[in-house]
Amino acid sequence: DTAVSQTPKYLVTQMGNDKSIKCEQNLGHDTMYWYKQDSKKFLKIMFSYNNKELIINETVPNRFSPKSPDKAHLNLHINSLELGDSAVYFCASSQRTGHETQYFGPGTRLLVL
Amino acid sequence: SQKIEQNSEALNIQEGKTATLTCNYTNYSPAYLQWYRQDPGRGPVFLLLIRENEKEKRKERLKVTFDTTLKQSLFHITASQPADSATYLCALGLDYKLSFGAGTTVTVRA
Numbered sequence: 003d004t005a006v007s008q009t010p011k012y013l014v015t016q017m018g019n020d021k022s023i024k025c026e027q028n029l030g031h032d033t034m035y036w037y038k039q040d041s042k043k044f045l046k047i048m049f050s051y052n053n054k055e056l057i058i059n060e061t062v063p064n065r066f067s068p069k070s071p072d073k074a075h076l077n078l079h080i081n082s083l084e085l086g087d088s089a090v091y092f093c094a095s096s097q098r099t100g101h102e103t104q105y106f107g108p109g110t111r112l113l114v115l
Numbered sequence: 031s032q033k034i035e036q037n038s039e040a041l042n043i044q045e046g047k048t049a050t051l052t053c054n055y056t057n058y059s060p061a062y063l064q065w066y067r068q069d070p071g072r073g074p075v076f077l078l079l080i081r082e083n084e085k086e087k088r089k090e091r092l093k094v095t096f097d098t099t100l101k102q103s104l105f106h107i108t109a110s111q112p113a114d115s116a117t118y119l120c121a122l123g124l125d126y127k128l129s130f131g132a133g134t135t136v137t138v139r140a
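Quick mapping for you: the protein sequence lines, in order, are chains A and B. Be aware that the first sequence starts at 3, since it is given in this note's numbering, and climbs by one per residue. Be aware that the second sequence starts at 31, since it is given in this note's numbering, and climbs by one per residue.
As structure tokens, this is what we get:
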């Protein structure tokens with residue numbers, strides 16, 4: 003009965019590779035998010051989708067491309083991985099855009115070698 | 031530029047005491063402020079929300095205050111327990127986005 007789930011939990015890959023992280027929520031929420039938490043523990047918003055529509059796109063390299071096939075799923079594809087992409091990526095959801103409480107997934111720990 | 035600062039990276043306290051965490055912000059006018067708890071290797075978990083027109087909110091042993099003049103929120107854990115040991119993040123809500131501080135790691139000693 004996991005509310006927000008992410009796969010994989012760990013991802014170790016070489017520079018230059020392309021990888022994807024998947025997120026699913028079973029809360030019936032309309033809005034989903036991707037955050038990046040770096041080594042200094044700052045959690046920064048990357049993208050937000052509301053019912054499959056992109057509503058927030060922070061200053062993120064265009065190597066990062068989110069995709070929302072339906073409102074319960076939000077995937078993140080990263081092209082040409084760089085060392086600086088190493089971080090923990092969290093998916094989150096909220097009932098609707100502007101609804102304050104966000105529910106976070108367990109995170110995907112990405113290490114680029 | 032906008033900045034969110036949480037008072038210290040780490041706070042060590044004795045069980046039973048009150049832990050007080052500070053969140054200061056500049057160049058923001060948030061509509062609300064939230065506190066989240068994050069355990070090692072896990073995602074943040076929502077604890078409390080306080081709106082700009084509210085001064086104080088309580089939930090069990092947790093209390094949050096919000097002073098928009100000082101641009102500061104205080105987060106209190108009363109009668110602290112070792113199970114309260116975690117990192118606590120403040121987050122400011124504005125324009126459908128949450129902006130997080132770096133967090134304060136609280137360790138409660140038995």
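From the three backbone atoms N, C-alpha and C, an ideal C-beta is built for every residue, glycine too. Remember, predicted model here, so these are calculated numbers, not experimental data.
For a cutoff of 8 angstroms on Cβ pairs, would you count residue i as touching chain B?
i	result
LYS43/A	yes
GLY30/A	no
ILE58/A	yes
ILE47/A	yes
PHE92/A	yes
GLY86/A	no
GLY109/A	yes
Residue i: buried (16+ other C-beta within 10 angstroms of its C-beta) or exposed?
i	result
VAL136/B	buried
LYS38/A	buried
TYR35/A	buried
ALA116/B	buried
LEU56/A	exposed
VAL14/A	exposed
SER110/B	buried
GLU45/B	exposed
GLN16/A	exposed
ALA94/A	buried
LEU76/A	buried
ASN52/A	buried
GLY86/A	exposed
ALA89/A	buried
GLY18/A	exposed
GLU26/A	buried
GLY123/B	buried
Could you check whether the Cβ of residue i sits closer than 8 angstroms to any Cβ belonging to chain A?
i	result
ALA132/B	yes
LEU128/B	yes
LEU119/B	yes
What first and last residue would you give for the beta strand (DSSP E) that runs through residue i?
i	result
HIS31/A	Element bounds for HIS31/A: n/a, residue is neither H nor E.
MET48/A	45 to 52
ALA40/B	40 to 44
LYS33/B	33 to 36
ASN19/A	Unbroken run through ASN19/A: none, as it is neither H nor E.
ALA49/B	49 to 56
THR134/B	134 to 139
Task: Residues, ordered as in the chain, of the stretch 59 to 78 of chain B that lie near chain A by beta-carbon distance below 9 angstroms - done: ALA61, TYR62, GLN64, TYR66, GLN68, GLY71, ARG72, GLY73, PRO74, VAL75, PHE76
Open item on the list: What are the residues in the stretch 94 to 107 of chain A lying within 8 angstroms of chain B by C-beta distance?
Closed with: ALA94, THR99, GLY100, GLU102, THR103, GLN104, TYR105, PHE106, GLY107
- [ ] Within the stretch 71 to 116 of chain B, note down every full beta strand (DSSP E) run reaching 3 residues or more, in order along the chain.
- [x] 75 to 81, 86 to 89, 92 to 97, 102 to 107
- [ ] Determine which residues of the stretch 39 to 58 of chain B have a Cβ less than 8 angstroms from any Cβ of chain A, and write them out in chain order.
- [x] none
Task: In chain order, each beta strand (DSSP E) run of at least 3 residues that lies wholly inside the stretch 62 to 103 of chain A - done: 66 to 72, 75 to 80, 89 to 96
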